[in-house]
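Trainee: Sharing a structure below in structure tokens format, with a few things to ask.
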Amino acid sequence: MHEWLPAAKVGFFHVRMSHELCVFMSLPYSSGSNSFAFRDTIWLGGVHSHDGPILSLEGYLKASRPTTSKAYVAHIQCTFTFGLLEAITESKIPETLLLNESRSMMIGTHLHSILYTWRNRIRTSGKAGAKWSDLTLQTLKTAHRLLELEVFHPRVSLLFQSEFSRNDMSDVMSTIGCIAEGLSSSRMAFPSHAPLGKEWSFLSDLFGTHRQALLGNGWCPFIVRGISGSCAVQYAMTLSPARGEVQYNHDACTHRNCVANNIDTRNYINRHCALVRCTGCASVKPPLERIIRSLQDQEVPILRVDAGQGDHSDLPVLTSTTFSAAPYIAISHVWSDGLGSTTEVGLPSCQISRISRLVEPILAQGYFWIDALCVPQRREMRKRAIGLMAETYRRAAVVLVIDSGIRSCSTSAPLAEKLVRVVTSGWMQRLWTLQEGLLAKKLMFEFSDGVLDINDLIPSGEDCFDPLLMQLASEVFRLRVYQINPEHFGLAQVTRALRWRSTSRAEDETLAICGLLNVNAFELVNLPRQERMKKLLLTVKTLPRDIPFLISPKLSEDNFRWAPLTLMTKSDTALSVSQAPLESMAECTPRGLLATYFVVYFDQITMTRDSADWIVQHQEKNFTLKVTAVPITILEDTLSVYDCNALLFVEPPGPAQLATCVGVSISPTTGETKDLFMCVHRIRLFATRIGDLELKKCTGRVVQARGLGRMRVLMV
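Just so it is clear: in the sequence shown, position 136 is 136 by the UniProt record's numbering, and no numbers are missing.
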């Protein structure tokens, strides 16, 4: 134990076993997540010594010399659980805190209390905390490196050769990931802490058995792919998919796309309110002429439900005014839940009454807006309503989310469960709801027994150190980022939030996000799809430099062959969020994309996608790249043959680094733009910086580079 730790804290764990248990079980730690740490996990039999000095992580690993693969794997489990916790917290961890009485299972009951105690010691460590923080960072990096060696080298790693089942090994490594994530989160308690720059998700499901279990439990493949982090994967395994009144079939879904929320507008049928067991009632329509008059006056129509009179006293009546007349609630929903319609068709009266019961406790006057009643079917009026869509949600006093999956959960459920229901909901997957949520001044969600403000779903206090809650809350917090700092919410942030979303109307994409980018929807609504994206990019003008590297189909128009057709990329890659000065960004002009890139150029070559890796070599500068075509199964196009004479990088790759690049055909320009190189976007590629030893193993074509360096480029 290090001598610089406060003396009062050094001996905290060095007490009798019974006292240790009493201390930990009485700690004042509480969490909205009910303190889920990890699922009970098989203990492989490793022996953890409570006696002796606290060892470094590497010292703990070397302290035992296993002679069999079984013993080796057991020692790995012991090292990266007890050993890692002790090396970082600088305290002895008795077996009884993490193992059950029979030593057959590892249990997470006390992990949060262990971490809570460590954070309190950090807060009282004074000046010594800086050294402790550095040591913690180095220990976590060492753990990450050692675990990567085990996981990514299966031919030599004994993890893959032991007699333990794949399911047990997945559990063991995932639990190690949970502990590492917990330590990484608690490290943020240090007043100053350098970023770890590492993630532990590679441990979350070593053999894929956890994701298979989730699929077997009915989770959508698309949702399963999106669950990241060992804590989140393990917690999801304790839950079933939402069982709301609307049941979705995910048989046709894939890991890249959920189609259960897509609709066929030609055969669309409204659902009656299951909450009152309505099986059939008359539809109620708002006053069409009043709605149209509001839209013609560039006003957003809003509605209120009044009681019916006379022969129709059992039917609610909709009265209309404009958004300038009264505060109102904007309803945000997904059509697949059965609330889609148009002004001319209306909604079942049972749904109208339900909406009224929802909004009146929030706003006494009861005014609301919902697209199903306030957007006419008539083409010109629909365009006007879409043009006002951003203003509709921006001006609303409250945006209320109605989603059957979220509504299956109680407001009294653990915070982690409420977050799961929100982040896996159909509402979080759809195109239009992104803008609706981001623009909301006050965002609320309907649960089974009440309504919660989004702030009730964002972890606070000690919960901010809970890796499970922070993993789950990241997408929810993203919905608040725009309101916190709208000036810094640009195309990169929109792309990150949009990449996993879907729509049944691809042509609506730019209309659904333009309000976030200060682009007037009226300038786009009458244009065809490709022209809309072009107009959007030209209006935004300043773009991230890596936009040509985005995994997406490209526009087919001259000067814009680099531009994405869609930002819903269904990909882990996203545009970089840069705080760099404007000169390091790209400028979208009618002539093309103007930016500075690192360029490696050579004589023109023609390659096929299925050919072997090829080499670009600049011998004088000792710079060699191995170039690989992106597999066609995950590509944005089906180009089988491509030609190029240059590779463009945002930044030059370092030794052994894999980087994304773009193959282009480049030529010098003349006249006013003679200081530029004009290039045509051809294909997205991977390139790895290699040394002489790796070069000798390559059998593909070798191309000699004519030059390399940073160049001003006009991409067309």
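Note that CB positions come from ideal geometry on N, CA and C, so glycine has one too. Bear in mind the structure is a predicted one, so any value in this text is a computation, not a measurement.
If we count the other Cβ atoms within 10 Å of its Cβ and call it buried at 16 or more, is Leu536 buried or exposed?
Mentor: In the sequence shown, the residue the question calls residue 536 occupies position 536. The residue is buried, with at least 16 neighbouring Cβ atoms inside 10 Å.
Trainee: Helix, strand or coil for Met568 per DSSP?
Mentor: Start at 1 with the first residue of the sequence shown, and residue 568 comes out as number 568. In this structure, Met568 counts as coil in the three-state DSSP scheme.
Trainee: DSSP has Ala659 in a bridge; who is on the other side?
Mentor: Counting from one through the sequence shown, the residue named residue 659 turns up at place 659. Bridge partners of Ala659: Ala687.
Trainee: Where does Met495 sit, in a helix, a strand or coil, going by DSSP?
Mentor: Stepping through the sequence shown from its first residue, residue 495 is reached at position 495. Contrary to the premise, residue 495 reads as Thr rather than Met in this sequence. If DSSP states are grouped into helix, strand and coil, Thr495 belongs with the helices.
Trainee: Leaving aside the five residues before and after Ser30 along the sequence, list all residues of the same chain whose C-beta is less than 7 Å from its C-beta, in chain order.
Mentor: As a position in the sequence shown, residue 30 is number 30, starting the count at 1. The predicted position of Ser30 is uncertain, since its pLDDT is 46 and thus under 50; no value can be drawn from it.
Trainee: Please state the DSSP three-state secondary structure of Trp427.
Mentor: Walking along the sequence shown from the start, residue 427 turns up at place 427. Trp427: helix per DSSP, three-state reduction.
Trainee: Counting Cβ pairs, one atom from each stretch, are 3 or more of them under 8 Å apart for the stretch 234-248 and the stretch 430-440?
Mentor: No contact exists between the stretch 234-248 and the stretch 430-440.
Trainee: Which value, in whole angstroms, describes the spacing of the CA atoms of Lys198 and His144?
Mentor: Sequence index remark: in the sequence shown, residue 198 carries index 198 (1-based). Sequence index remark: in the sequence shown, residue 144 carries index 144 (1-based). Computed Cα separation, rounded: 8 Å.
Trainee: Rounded to a whole number of angstroms, what is the C-alpha to C-alpha distance between Phe24 and Ser113?
Mentor: Position 24 of the sequence shown holds residue 24. Position 113 of the sequence shown holds residue 113. Its pLDDT being 36, under 50, Phe24 is placed unreliably by the model, and the measurement read from it follows with that caveat. Cα-Cα distance, rounded: 6 Å.
Trainee: With 16 other CB atoms within 10 Å as the buried threshold, where does Asp297 fall?
Mentor: In the sequence shown, residue 297 corresponds to position 297, counting from 1. When all chains shown are included, Asp297 counts as exposed.
Trainee: Go through its chain and collect everything with a Cβ distance to Gly11's Cβ below 6 Å, but skip five positions before and after it.
Mentor: By 1-based counting over the sequence shown, the position of residue 11 is 11. Per-residue confidence for Gly11 stands at a pLDDT of 28, beneath the threshold of 50, marking its modelled position as unreliable; the derived number appears in the next sentence. Result list for Gly11: empty, nothing under 6 Å.
Trainee: Name the residue from Leu685, Leu524 and Asn622 whose alpha carbon lies nearest to the alpha carbon of Ala629.
Mentor: Reading the sequence shown from its first residue, position 629 is the one you call residue 629. Of the candidates Leu685, Leu524 and Asn622, the one whose C-alpha sits nearest the C-alpha of Ala629 is Leu685.
Trainee: From Arg501, Val451 and His488, pick the residue whose C-alpha is nearest to that of residue 777; which is it?
Mentor: There is simply no residue 777 to check, as the chain begins at 1 and stops at 716 in what is shown.
Trainee: Per DSSP, what kind of secondary structure is His681 in: helix, strand or coil?
Mentor: The residue labelled residue 681 in the question sits at position 681 within the sequence shown. Residue state, collapsed to three classes: strand.
Trainee: Would you mind sorting Leu5 into buried or exposed? The rule is 16 or more other CB atoms within 10 Å of its CB.
Mentor: Here residue 5 refers to the residue found at position 5 of the sequence shown. The pLDDT assigned to Leu5 is 28, lower than 50, so where the model puts this residue is not dependable; a value taken from the coordinates is nonetheless given after this. Buried is the call here.
Trainee: Please state whether DSSP places Thr624 in a helix, a strand or coil.
Mentor: Looking up residue 624 in the sequence shown gives position 624. Strand at Thr624.
Trainee: Roughly how many angstroms separate the alpha carbons of Cys22 and Leu97, rounded to a whole number?
Mentor: Translated into the one-based positions of the sequence shown, residue 22 becomes position 22. Translated into the one-based positions of the sequence shown, residue 97 becomes position 97. With a pLDDT of 36 at Cys22, under the threshold of 50, the modelled position of this residue cannot be trusted, and the question is left open.
Trainee: Give the C-beta separation of Met568 and Glu509 to the nearest angstrom, bearing in mind that I take them to be a contact with Cβ-Cβ under 8 Å.
Mentor: Position 568 of the sequence shown holds residue 568. Position 509 of the sequence shown holds residue 509. With 8 Å as the limit, Met568 and Glu509 qualify as a contact, their Cβ atoms being about 7 Å apart.
Trainee: Below 8 Å, can you find three or more Cβ-Cβ pairs linking the stretch 100-120 to the stretch 200-208?
Mentor: Short answer: they don't touch.
Trainee: Helix, strand or coil: which one does DSSP assign to Val641?
Mentor: As a working note, residue 641 is residue 641 in the sequence shown. It is a strand residue.
Trainee: So, with DSSP's three-state summary, where would you put Ile329?
Mentor: What you label residue 329 is simply residue 329 of the sequence shown in a count that begins at 1. Strand, per DSSP.
Trainee: I need the DSSP call for Glu694, collapsed to helix, strand or coil.
Mentor: On the sequence shown, residue 694 is found 694 positions in, with the first residue counted as 1. Reduced to three states, the DSSP call for Glu694 is helix.
Trainee: Please classify Val599 as buried or exposed, where buried requires at least 16 other C-beta atoms within 10 Å of its C-beta.
Mentor: By one-based count along the sequence shown, residue 599 stands at place 599. The residue in question, Val599, is buried, as its Cβ has 16 or more Cβ neighbours within 10 Å.
Trainee: Tell me which residues share the same chain as Arg354 and place their Cβ nearer than 7 Å to its Cβ, disregarding the 5 neighbours each side in the sequence.
Mentor: Walking along the sequence shown from the start, residue 354 turns up at place 354. Same-chain partners within the cutoff: Cys273 and Leu275.
Trainee: According to DSSP, simplified to helix, strand and coil, what is residue 717?
Mentor: Beyond the ends of the chain as shown, which are 1 and 716, falls residue 717; an answer cannot be given.
Trainee: Quick one: give me the first and last residue of the beta strand (DSSP E) that Ala236 is part of.
Mentor: Locating residue 236 in the sequence shown gives position 236, where the first residue counts as 1. Where Ala236 is concerned, there is no enclosing beta strand (DSSP E), although the alpha helix (DSSP H) it sits in stretches over Ser230 to Ala236.
Trainee: How far does the alpha helix (DSSP H) with Tyr393 in it reach, from first residue to last?
Mentor: The sequence position of residue 393 within the sequence shown is 393, counting from 1. Met389 to Arg395 is the extent of the alpha helix (DSSP H) around Tyr393.
Trainee: Suppose you measure from the CA of Cys258 to the CA of Asp603; what does that come to, to the nearest Å?
Mentor: Looking up residue 258 in the sequence shown gives position 258. Looking up residue 603 in the sequence shown gives position 603. Using only the alpha carbons, I get a separation of about 44 Å.
Trainee: With Leu288 and Glu344 assumed to form a contact (beta carbons below 8 Å), what rounded beta-carbon distance in angstroms separates them?
Mentor: Indexing the sequence shown from 1 puts residue 288 at position 288. Indexing the sequence shown from 1 puts residue 344 at position 344. Indeed, because the Cβ distance is near 6 Å, the residues count as touching under 8 Å.
Trainee: Which residue from Ser174, Thr136, Ile513 and Gln161 puts its Cα closest to that of Leu147?
Mentor: Indexing the sequence shown from 1 puts residue 147 at position 147. Ranking Ser174, Thr136, Ile513 and Gln161 by Cα distance to Leu147 puts Ser174 first.
Trainee: Between the alpha carbons of Gly437 and Leu479, how many angstroms are there, rounded?
Mentor: Here residue 437 is taken as the residue at index 437 of the sequence shown, counted from 1. Here residue 479 is taken as the residue at index 479 of the sequence shown, counted from 1. Cα-Cα distance, rounded: 6 Å.
Trainee: From Val233 to Gly216, what distance separates their C-alpha atoms?
Mentor: Start at 1 with the first residue of the sequence shown, and residue 233 comes out as number 233. Start at 1 with the first residue of the sequence shown, and residue 216 comes out as number 216. So the two alpha carbons sit approximately 14 Å from each other.
Trainee: Between Asp337, Val334, Asn261 and Arg357, which lies nearest to Ala307 when the distance is taken from Cα to Cα?
Mentor: Numbered from 1 along the sequence shown, position 307 holds the residue referred to as residue 307. It is Arg357.
Trainee: Assign Leu44 to one of three DSSP states: helix, strand, or coil.
Mentor: Position 44 of the sequence shown holds residue 44. Here Leu44 sits in coil by DSSP.
Trainee: Can you tell me whether DSSP reads Val420 as helix, strand or coil?
Mentor: Locating residue 420 in the sequence shown gives position 420, where the first residue counts as 1. In this structure, Val420 counts as helix in the three-state DSSP scheme.
Trainee: Tell me which residue opens and which closes the alpha helix (DSSP H) that Tyr268 is part of.
Mentor: Taking the sequence shown and counting its residues from 1, the one referred to as residue 268 is at position 268. That residue, Tyr268, is in no alpha helix (DSSP H); it is neither H nor E in DSSP.
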